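Under the numbering used here, residues 10 to 238 are what the sequence shown spells out, in order.
Take a look at the structure set out below.
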Amino acid sequence: MEVKLAGQKGIGLFAKRDISFYDCTGTKNPYEEQPLFVVNQSLSSVNQWTIQEKLNSLRPIDLQALEHVPAVQILDRNSLLGLFRATAFALSHRSVTPFYTIYALANPSCTPTIFFCVHPFAIGLFVFMECDVKAGDELCYAYTASVACMTTAERQEFFSDARHIDAFTCRCELCSAPPDHIRQLSDMRRCAMRHLLYLLKGCDLPDVPRRIPRMRRDPPGSKLRVWHN
Numbered sequence: 010m011e012v013k014l015a016g017q018k019g020i021g022l023f024a025k026r027d028i029s030f031y032d033c034t035g036t037k038n039p040y041e042e043q044p045l046f047v048v049n050q051s052l053s054s055v056n057q058w059t060i061q062e063k064l065n066s067l068r069p070i071d072l073q074a075l076e077h078v079p080a081v082q083i084l085d086r087n088s089l090l091g092l093f094r095a096t097a098f099a100l101s102h103r104s105v106t107p108f109y110t111i112y113a114l115a116n117p118s119c120t121p122t123i124f125f126c127v128h129p130f131a132i133g134l135f136v137f138m139e140c141d142v143k144a145g146d147e148l149c150y151a152y153t154a155s156v157a158c159m160t161t162a163e164r165q166e167f168f169s170d171a172r173h174i175d176a177f178t179c180r181c182e183l184c185s186a187p188p189d190h191i192r193q194l195s196d197m198r199r200c201a202m203r204h205l206l207y208l209l210k211g212c213d214l215p216d217v218p219r220r221i222p223r224m225r226r227d228p229p230g231s232k233l234r235v236w237h238n
């Protein structure tokens with residue numbers, strides 16, 4: 010993996026060679042990275058002074074790992090909190106927030122090629138492949154698993170919601186593409202996936218605003234399910 014310019018997204022993480030789904034960062038032997046530092050607070054409660062203290066405690070060689078992280082200057086006090094909130098890995102089930110260099114360098118995408126898992130105790134970050142990639146392809150992760158079942162308009166509304174601590178405008182290849190036949194087909198497929206998932210689970214996507222009306226079950230013995238307002 011290497012860091013390169015990624016157009017209007019700034020920088021990104023790219024594959025230096027062809028990587029198979031079952032290759033060294035695939036499902037058998039995932040890439041693992043330990044956090045550069047860990048803040049013993051939830052992401053929403055962290056302040057810039059805490060981040061500054063953590064940076065001051067790092068060795069010079071560790072600080073070099075932050076050179077490529079997207080920020081004006083790593084020692085700019087006004088940008089420390091914004092930088093950390095944009096690049097830290099929030100753990101919903103724990104009141105700690107680790108900082109991983111590889112996660113900070115990768116960009117989110119609505120057509121992801123990698124996904125991350127965190128060890129529940131050691132807090133190590135594992136990188137798995139979503140698909141095969143070729144040398145020069147950008148390695149991107151999904152902002153949330155639910156983007157696979159959201160149309161372009163739904164994703165942009167969700168990403169830009171001011172209530173999010175890290176609201177942003179997605180500039181991935183799919184969202185930046187013109188509204189042509191390919192993107193229309195993508196939206197139709199994602200909409201169908203959302204409704205199929207709803208039929209299987211009996212509820213809408215867990216981490217985005219609900220858009221599908223509530224479901225009622227048909228009488229006992231019937232396997233049909235219908236929507237109603």
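Every residue gets a Cβ at the ideal spot worked out from N, C-alpha and C, and that includes glycine.
For clarity, every value in this text was computed on a predicted model and none was experimentally measured.
>> Count Cβ pairs between the region 193-210 and the region 155-163 that sit closer than 8 angstroms; are there 3 or more?
In response: They touch, by the three-pair rule.
>> Give me the DSSP bridge partner(s) of Thr106.
In response: Numbered from 1 along the sequence shown, position 97 holds the residue referred to as residue 106. Per DSSP, Val48.
> Where does Ser231 fall in DSSP's three states?
Replying inline: Translated into positions along the sequence shown, residue 231 becomes position 222. Reliability fails at Ser231, whose pLDDT of 47 lies under 50, so the model's placement of it is uncertain and no value is given.
> Taking C-alpha atoms, which residue in Ile123, Asp146, Asp141 lies nearest to Phe135?
Replying inline: Stepping through the sequence shown from its first residue, residue 135 is reached at position 126. Selection Ile123, Asp146, Asp141 evaluated against Phe135 yields Ile123 as nearest (Cα-Cα).
> What's the gap between the Cα of Gln193 and the Cα of Ala24?
Replying inline: Indexing the sequence shown from 1 puts residue 193 at position 184. Indexing the sequence shown from 1 puts residue 24 at position 15. C-alpha separation (whole angstroms): 29 angstroms.
> Are three or more beta carbon pairs between the region 53-65 and the region 139-153 nearer than 8 angstroms?
Replying inline: The region 53-65 vs the region 139-153: no contact.
> What does a CB cutoff of less than 6 angstroms around Gln57 pick up in its chain, not counting 5 residues either side in sequence?
Replying inline: Along the sequence shown, one-based indexing puts residue 57 at 48. Exclusion of the five residues before and after Gln57 leaves Leu89, Leu90 as the residues of its chain whose Cβ lies within less than 6 angstroms of its Cβ.
> So what's Pro69 in DSSP terms, helix, strand or just coil?
Replying inline: Here residue 69 refers to the residue found at position 60 of the sequence shown. If DSSP states are grouped into helix, strand and coil, Pro69 belongs with the helices.
>> Do Val156 and Gln97 have their beta-carbon atoms positioned less than 9 angstroms apart in this structure?
In response: The sequence position of residue 97 within the sequence shown is 88, counting from 1. The sequence position of residue 156 within the sequence shown is 147, counting from 1. Before going further, note that residue 97 is Ala rather than Gln in the sequence given. For Ala97 and Val156, no; Cβs fall outside 9 angstroms.
> Cβ atoms of Asn116 and Cys184: under 9 angstroms apart, would you say?
Replying inline: Taking the first residue of the sequence shown as 1, we reach residue 184 at position 175. Taking the first residue of the sequence shown as 1, we reach residue 116 at position 107. Taking C-beta atoms as the reference points, Cys184 and Asn116 fail to come closer than 9 angstroms.
>> Just to check my reading of the structure: Cys149 and Gln165 have Cβ atoms closer than 8 angstroms, yes? What is that Cβ distance to the nearest angstrom?
In response: Position 140 of the sequence shown, counting from 1, holds the residue named residue 149. Position 156 of the sequence shown, counting from 1, holds the residue named residue 165. 17 angstroms between Cβ atoms; not a contact.
> By DSSP, does Met197 sit in helix, in strand, or in coil?
Replying inline: Residue mapping note: residue 197 aligns to position 188 of the sequence shown, counting from 1. DSSP places Met197 in helix when its eight states are reduced to three.
> For Lys63, which three-state DSSP category applies?
Replying inline: Taking the first residue of the sequence shown as 1, we reach residue 63 at position 54. Of the three classes helix, strand and coil, the one that applies to Lys63 here is helix, per DSSP.
> Which runs of the alpha helix (DSSP H) fall wholly inside the region 113-197 and span at least 4 residues, in chain order?
Replying inline: For the region 113-197, whole alpha helix (DSSP H) runs of length 4 or above, ordered along the chain, are 161-168, 182-185.
>> I need the DSSP call for Lys25, collapsed to helix, strand or coil.
In response: By 1-based counting over the sequence shown, the position of residue 25 is 16. In the structure shown, Lys25 adopts coil according to DSSP, grouped into three states.
> Exposed or buried, what is Gly31 when buried is set at 16 or more other beta-carbons lying within 10 Å of its beta-carbon?
Replying inline: The residue labelled residue 31 in the question sits at position 22 within the sequence shown. Note that residue 31 is Tyr in the sequence shown, not Gly. By the 16-neighbour rule on beta-carbons within 10 angstroms, Tyr31 is exposed.
>> For the beta strand (DSSP E) containing Leu14, name the first residue and the last one.
In response: Counting from 1 along the sequence shown, the entry for residue 14 is found at position 5. Residues 11-14.
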